[in-house]
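Structure record follows, encoded as structure tokens.
Numbering (our numbering), first residue to last: 639 to 784.
Quick look at the structure:
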């Protein structure tokens, strides 16, 4: 309508005036929010349909942040879907020949045996052989034999 066109023209002239002030500095102080005159100025014009309530304008940085966040969420969803598929493959692989999934890739099928040296004194021989769940206090002598 004619009033909308007039309002749009007024908005454009206001934007042009503001941009001219920021670019060419009609004031003597350089306190216009720009770090220097080479910093780009972003503006967005929201077109509205007839009967639609005008929404408050959002800064361009907020718009970009929303788009970046949406993209990150999309990538996170894809990554979790891939992880679910890998978990399924690992379960299928471990149900096969007793060999674990891909988590053990690079390890030999029969790992090197682990040897332990157990010291006990004569007075404590009555408790030998060790019970299955006997606690171990000194782990300094437990390790791989080389």
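Beta carbons: idealized from backbone N, C-alpha and C, even for Gly.
| task | Report all residues from its chain with a CB closer than 8 Å to the CB of residue 652; omit the five preceding and five following residues, and keep chain order. | result | none
| Using DSSP with H/G/I as helix, E/B as strand and the rest coil, what is residue 708? | helix
| Using the C-alpha atoms, what's the distance from residue 727 back to residue 721? | Each residue's alpha carbon lies about 10 Å from the other.
| task | Measure the alpha-carbon distance for residue 717 versus residue 697 and round it to whole angstroms. | result | 31 Å
| request: Answer yes or no: does any C-beta atom of chain C fall closer than 8 Å to that of residue 719? | output: Among the chains in the structure shown there is no chain C, since it carries only a single protein chain.
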